[in-house]
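Engineer: Pasting a structure below so you can have a look.
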Amino acid sequence: MKILFGAIPLLLTVALAGCNPPPAPAPEKVQPLDTSEQKAPVADTSQPVASGNTPTAADIAAVAGLNAQFDPARDPVADLETAKVEAQRGGKRIMLDVGGEWCSWCHLLDAFMEGDSEIRRFRDANYVWMKVNYSEDNENKAFLSRFPEIKGYPHLFVLDGEGQLLHSQFTGELEKGKGYDRAKFFAFLKQWAPPAK
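In this text, residue positions in the sequence shown follow the working numbering: the first is 354, and each later residue adds one.
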């Protein structure tokens with residue numbers, strides 16, 4: 354029994370030590386509240402991207418959305434404003450690609466561009482590519498009324514960085530067989546690319 358009574362104080366000490374609250378952490382230093390007026394950063398579109406005036410992730414996503422698909426719900430007026438900012442920032446031209454998801458030649462053009470890395474790199478370096486939907490769901494009549502008549506789809510309009518029309522291209526002239534003529538298409542892109550600086 355003597356051994357048992359000697360262990361009780363030790364057990365009570367251990368049990369009570371586990372009930373003590375941990376020491377309080379040191380108080381954090383409070384920073385003063387910044388009440389100055391905060392302004393959103395604005396990109397200087399007169400400077401090329403190489404100058405360090407790089408687009409944000411939101412800008413990149415917005416530009417990528419311009420060429421994602423022919424979407425009847427998109428607003429081509431707003432899209433053109435986005436394209437103009439990007440074209441001016443990067444010293445590029447704007448290419449309006451008018452067509453629709455219903456258009457087989459539009460899908461052939463997409464596949465042609467995506468399947469040729471040299472043409473795709475040239476396109477991306479010199480143009481902001483913007484799809485404009487034309488379908489039963491939305492013909493975008495008001496937007497397209499400012500451009501020359503379209504003979505067939507897809508149809509390409511080359512614009513400068515300010516959105517002014519430079520050239521209207523019937524893509525039937527760039528076809529070969531059941532696809533696009535690489536030499537003609539590349540020559541067209543090179544002819545209307547912005548002048549080298």
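Yeah, the Cβ is synthetic: ideal placement off N, Cα and C, and Gly gets one too.
If I follow the unbroken beta strand (DSSP E) through S521, where does it start and stop?
Structural biologist: Position 168 of the sequence shown, counted from the start, is the residue given in the question as residue 521. Unbroken beta strand (DSSP E) run through S521: 518–523.
Engineer: Would you give the residue range spanned by the beta strand (DSSP E) that I447 belongs to?
Structural biologist: Stepping through the sequence shown from its first residue, residue 447 is reached at position 94. 446–452 is the extent of the beta strand (DSSP E) around I447.
Engineer: Could you check if V485 is buried or exposed, using at least 16 other CB atoms within 10 Å of its CB as the buried criterion?
Structural biologist: Looking up residue 485 in the sequence shown gives position 132. The residue is buried, with at least 16 neighbouring Cβ atoms inside 10 Å.
Engineer: Do you know offhand how far E492's Cα is from A540's?
Structural biologist: Here residue 492 refers to the residue found at position 139 when the sequence shown is read from its first residue. Here residue 540 refers to the residue found at position 187 when the sequence shown is read from its first residue. Their backbone Cα atoms lie some 30 Å apart in a straight line.
Engineer: Which residues bound the beta strand (DSSP E) around W482?
Structural biologist: Numbered from 1 along the sequence shown, position 129 holds the residue referred to as residue 482. Counting along the chain, the beta strand (DSSP E) containing W482 begins and ends at 480–486.
Engineer: Using a Cβ-Cβ cutoff of less than 6 Å, which residues in the same chain neighbour E439 once the five nearest sequence positions on both sides are dropped?
Structural biologist: As a position in the sequence shown, residue 439 is number 86, starting the count at 1. Excluding sequence neighbours, E439 sits near V416, V481.
Engineer: Since T510 sits in a beta bridge, which residues does DSSP pair it with?
Structural biologist: Translated into the one-based positions of the sequence shown, residue 510 becomes position 157. A small fix is needed here, since residue 510 is Phe in this sequence, not Thr. L449, S521.
Engineer: Quick check: what's the CA-CA separation for G452 versus A549?
Structural biologist: Position 99 of the sequence shown, counted from the start, is the residue given in the question as residue 452. Position 196 of the sequence shown, counted from the start, is the residue given in the question as residue 549. If you take the alpha carbons of G452 and A549, they lie about 30 Å apart.
Engineer: Ordered along the chain, which non-local residues of its own chain (more than five positions away) have a Cβ less than 8 Å from that of K543?
Structural biologist: To locate residue 543, count along the sequence shown from 1; it is residue 190. Result list for K543: F475, in chain order.
Engineer: Would you tell me roughly how many angstroms separate the C-alpha atoms of C459 and Q522, rounded to the nearest one?
Structural biologist: Position 106 of the sequence shown holds residue 459. Position 169 of the sequence shown holds residue 522. About 14 Å.
Engineer: Rounded to whole angstroms, what is the Cα-Cα separation between E352 and G514?
Structural biologist: Only positions 354 to 550 of the chain appear in the structure, and residue 352 is not among them; the question remains open.
Engineer: What would DSSP say about K529, mapped onto helix, strand or coil?
Structural biologist: Position 176 of the sequence shown, counted from the first residue, corresponds to residue 529. In this structure, K529 counts as strand in the three-state DSSP scheme.
Engineer: Starting from D463 and walking both ways along the alpha helix (DSSP H), at which residues does that stretch end?
Structural biologist: As a position in the sequence shown, residue 463 is number 110, starting the count at 1. First-last of the alpha helix (DSSP H) with D463: 457–467.
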